[in-house]
Each structure stands twice: as C-alpha cells, then as structure tokens.
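Shown next, in structure tokens, is the structure this report addresses.
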Amino acid sequence: MVDAPVRIKYRPATELVYIDNSDGTGPKDNYNAASMPIYQTATFKQQSSTQMGEYDYSRSGNPTRSHVEKHLAKIMSAKRAFAVNSGMTALDVITRLVKAGEEIIAGNDLYGGTNRLLSFLATHNNVKTHHIDTTNSETIIPYLSEKTRLVLLETPTNPLIKIADIPRIAEIVHERCPGALVVVDNTMMSPYLQRPLELGADIVYHSGTKYLSGHHDLMAGVVAVKDDSIAEKIYFTINATGVGLGPFDCWLLMRGVKTLAVRMDRQQANAIQIADFLETHGFKVHYPGLKSHPQYALHAKMSSGPGAVLSFETGDVELSQRLVEATRLWSISVSFGCVNSLISMPCRMSHASIPAHVRAERALPEDLIRLCVGIEHVDDLLEDLYSAMTKSGALKLAN
Ligand SMILES: *Cc1c(COP(=O)(O)O)cnc(C)c1O
Numbered sequence: 008m009v010d011a012p013v014r015i016k017y018r019p020a021t022e023l024v025y026i027d028n029s030d031g032t033g034p035k036d037n038y039n040a041a042s043m044p045i046y047q048t049a050t051f052k053q054q055s056s057t058q059m060g061e062y063d064y065s066r067s068g069n070p071t072r073s074h075v076e077k078h079l080a081k082i083m084s085a086k087r088a089f090a091v092n093s094g095m096t097a098l099d100v101i102t103r104l105v106k107a108g109e110e111i112i113a114g115n116d117l118y119g120g121t122n123r124l125l126s127f128l129a130t131h132n133n134v135k136t137h138h139i140d141t142t143n144s145e146t147i148i149p150y151l152s153e154k155t156r157l158v159l160l161e162t163p164t165n166p167l168i169k170i171a172d173i174p175r176i177a178e179i180v181h182e183r184c185p186g187a188l189v190v191v192d193n194t195m196m197s198p199y200l201q202r203p204l205e206l207g208a209d210i211v212y213h214s215g216t217k218y219l220s221g222h223h224d225l226m227a228g229v230v231a232v233k234d235d236s237i238a239e240k241i242y243f244t245i246n247a248t249g250v251g252l253g254p255f256d257c258w259l260l261m262r263g264v265k266t267l268a269v270r271m272d273r274q275q276a277n278a279i280q281i282a283d284f285l286e287t288h289g290f291k292v293h294y295p296g297l298k299s300h301p302q303y304a305l306h307a308k309m310s311s312g313p314g315a316v317l318s319f320e321t322g323d324v325e326l327s328q329r330l331v332e333a334t335r336l337w338s339i340s341v342s343f344g345c346v347n348s349l350i351s352m353p354c355r356m357s358h359a360s361i362p363a364h365v366r367a368e369r370a371l372p373e374d375l376i377r378l379c380v381g382i383e384h385v386d387d388l389l390e391d392l393y394s395a396m397t398k399s400g401a402l403k404l405a406n
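Mapping the sequence shown onto the working numbering, position 187 (from 1) lands on 194, and the numbers just tick up by one.
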C-alpha cells in the first residue's frame, strides 16, 4: 500500500526557505550553524568498536547530504528524497528497479539523455521501452501489461512543451497494473510550481543542475518517493554504487533551493511577456502560459504556473539559425534553469543525439528555437530578440 503524500504546510515560497526541524529528526550541528556546514569528510570516528554513530562513511551517509535531502523531501511532498550526482544518475538509480524482461512506457518527446539511457537498457539489459504520445492518456492502455514496471512521464515536455495528465495516467496505471510505478521527471517545473507526488505519481526526479540550483555551477540530481519500501531500494542502489551527492555540492544545492521562488517568479514573469511578444509577431509559440496552448487548462490544473521554458517555430531552419546567432544577451547554450537567458536549436544541440528519422517521426520541427528565460530585465531581453529578428529577416516573415 502506498502512503498518502505528505503535503507541505506553508505556501511553497515559504517552505523553500523554512528549515523544518521541529520533529528533531534533522542532522544536528554542534554549533547550531544557520547554514548547514560542509562536512567534507569521507569517514566518521566511532565511539567504540560496538557503539556506532549516525554516520560512518560518506558514501552511505553524510550530514550535509542528509540536511538537503530532508529539506528536498519536504518541498517535494515526499516521504524521502535522495541527492545524487546528476539528473541522469537519478534516472539510472530509478531504472534499476526494473528487471531484465520487464518493460518501461515513456513519452515520445523526452529529454535527449533520457532517450540515450533507455536505449542502453534495451540493448544491454533486455528492458524494452515503448515510446508513446502522452498527451492523450488513453494511448497508454494497449501498452500496459504484467511486464510493465515503470511509466515515465515528462510534463511539460521539452522542447515541444506538451502536457501529460499525471492524475489520469496514474489512475489508469494503478488500476490496471498494480505492480507498475508512475515516475515523473519534474525538472522543467521544479517543486515550486508542480509536485507530482501530490498528483498521484509514485516517484519524482529532478535534474538539480537546472532550477533547483539555478546558477549552472553544479551538477546534481534528486529522487523523491512517497513509499518507504521503494525508498529502501533507491537508497540501496545509491549506497551500493556510490552516487550520493558530495558534501560541497549538497551545500550548493541547498543554497540554490532557498532562492528558487524568487528566481522562478521573475523568470516566469519574463517568459510570459516574451511568449506574448512572439505570438503577437506571428510565430507559432509552444508555452503552457498561452491560452492558445491546446492543453492550457490541463497544465493549469496540475501546476501553479507555466514556468520559464518555451519554444517557437520560424518555418525555416536557416532563418532560425540566423536568428539564434544574431542574439547577444541570449547565450547559445543547452540546458535551462539558470539565472541567465539561453537560446538554442534543440535539433542541432540538446536533441541532436536523437536520429533525424526519429525526430521526424516525433514531429520535432528542425527549425524549432527554444528559449530558457532568465532573470534579466525583460525589456533588454525583448529588445535583443527584436533586434535579432530584424537582423535575421524573421520579422518580415512574421508580418
Ligand atoms: C537536464 C535534464 C536531465 C538530466 O540532468 P543532468 O543533471 O544533466 O544529468 C533530465 N531531464 C530533464 C528534463 C533535463 O532537463
């Protein structure tokens, strides 16, 4: 039986900065430091050969890691959370719940690295993944069987910004396949805007490299669960393989999480204006904050905001390339979630590892431009885009 999710008590922005140790279960620091120190140590001395302390070896546990994990569990409405080396490590740890011969069902507009890992599992571990269009919940039904172990969702997807109905899919999966787990990659939304464990998912994971840390100075991943027995399995793999996040990175992650709300509020407000601006200029814009998004209402039901990643089409690959290269303020870079604004062409960059025919099958437009909006002054961002549109000739096309 899966436990009911532990819901957050205060508003999300407050929970992000409020360190709750009222139950006394948090890691203790001798000097009551306001910021949990970096316990940069591999081992911990024991009182005697028979009396073991709370920590003995940092692969198995470290106070700085415990501190950030407890805080993450709280903000993700999870029973337990784990900090690991990267977002891909988070997925790797989760996929180790799947045995050879079992199957995964996943979206068809997934993060490129996720595709790469799932393909590896298919060729090396006999774990097949069915890729389906998760925008229509019912499409999953024919793929569900007693072999299904994980149903892996991203919502919104990246870069097409398609929405999956987490509560409905979780309901279908749990009803038909009690042994299967619904897993959500919530990197794009962050726990501030969306908490999939409250929506029926069993496991949620994040690339901590993105919004949680927020400054592109750290690689990290987070796995969170609402069930103790799954938590034990996840912990076993982390300890067995040694992928727990190092103390300094845990400290950086904790520092980043505290400012998530102010960063996201600003980034999202900027993104809303930019999406409007692009749509007004005639581009086809993919953003769940626009009423024109086909799943605007569904997204609004599950989350408290549209986030700060959007994509748009110019209708011409060369034009898109000129536009991207004509910006100055927008760095040409993969990734998102940073305080700086980024621009990219997914088919040439983050999603280039997906073969061209598969990109075509998945209707991923080659001319697509992705914007990851930062915290700069929105007028500077708009002016820079406008100037790049003029220089590249995109403005003529749009009018
Ligand atoms: C970046 C990203 C990942 C991978 O995270 P890393 O920290 O780079 O390993 C997984 N999923 C999504 C949606 C991402 O954006």
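Using N, Cα and C, we set each Cβ at its ideal position, and we do this for glycine too.
Nothing here was measured: the structure is a model prediction, and the numbers come from that model.
A distance below 8 angstroms between beta-carbons, with the five flanking residues on each side excluded, links ALA278 to the following residues of its chain, in chain order: TYR294, GLY296, PRO313, GLY314, ALA315, VAL316, LEU317, LEU378 and VAL380. Here HIS137 carries a strand assignment [DSSP, helix/strand/coil]. Rounded to the nearest whole angstrom, the CA to CA distance from MET356 to VAL341 is 7 angstroms.
Of the other Cβ atoms in all chains shown, fewer than 16 fall within 10 Å of the Cβ of TYR38; this residue is therefore exposed. Contact fails between the stretch 128-146 and the stretch 346-356, because fewer than three Cβ pairs, one in each stretch, are under 8 angstroms apart.
When C-alpha distances from THR48 are compared across ASP36, ASP374, SER55 and ARG66, the shortest belongs to ARG66. Put simply, the backbone Cα of LEU167 is about 30 angstroms away from that of GLY186. In the assembly as shown, ASN133 is an exposed residue. Its beta-carbon has fewer than 16 other beta-carbons within 10 Å. For the options VAL100, ALA238 and HIS213, the alpha carbon positioned closest to that of ALA227 is the one of HIS213. For ALA238, the enclosing alpha helix (DSSP H) begins and ends at 235-248. Here DSSP, grouped into helix, strand and coil, assigns GLY186 to coil. Scanning its chain for C-beta atoms nearer than 8 angstroms, with the 5 sequence neighbours on each side dropped, one finds around ASP387 the residues LEU336, in chain order. Ordered by chain, the residues meeting the criterion of a beta-carbon within less than 7 angstroms of a non-hydrogen atom of ligand 1 are SER93, GLY94, MET95, THR96, LEU98, TYR118, GLY120, THR121, GLU161, ASN165, ASP192, THR194, MET195, SER214, GLY215, THR216, LYS217, MET226, ALA227, GLY228, SER342 and PHE343. Within a 10 Å sphere around the beta-carbon of GLU368 sit fewer than 16 other beta-carbons, which makes this residue exposed. Per the coordinates, the alpha-carbon of ARG262 lies some 22 angstroms from the alpha-carbon of LYS86. Rounded to the nearest whole angstrom, the CA to CA distance from SER310 to ALA238 is 25 angstroms. Nearest in C-alpha terms to ALA231, of all of THR216, ALA97, LYS298 and PRO34, is ALA97. Where PHE290 is concerned, there is no enclosing alpha helix (DSSP H), because DSSP gives it neither an H nor an E. Between MET195 and SER55, the alpha-carbon positions lie close to 47 angstroms from each other.
A contact is defined here as three or more CB-CB pairs under 8 angstroms, and the stretch 27-43 meets this definition with respect to the stretch 66-81. Assigned with DSSP and collapsed to three states, SER311 falls in coil, not helix or strand. In this structure, ILE176 lies away from PRO203, with their beta-carbon atoms at least 7 angstroms apart. Using a 10 angstroms sphere on the CB of GLU109, the tally of other CB atoms reaches 16 or more, which defines it as buried. A straight line joining the alpha-carbon of ASN165 with that of PHE51 spans about 42 angstroms. The residue from TYR218, HIS222 and LYS233 with its alpha-carbon nearest to that of ILE210 is LYS233. Counted as a single uninterrupted DSSP element, the beta strand (DSSP E) harbouring ARG377 occupies residues 376-379.
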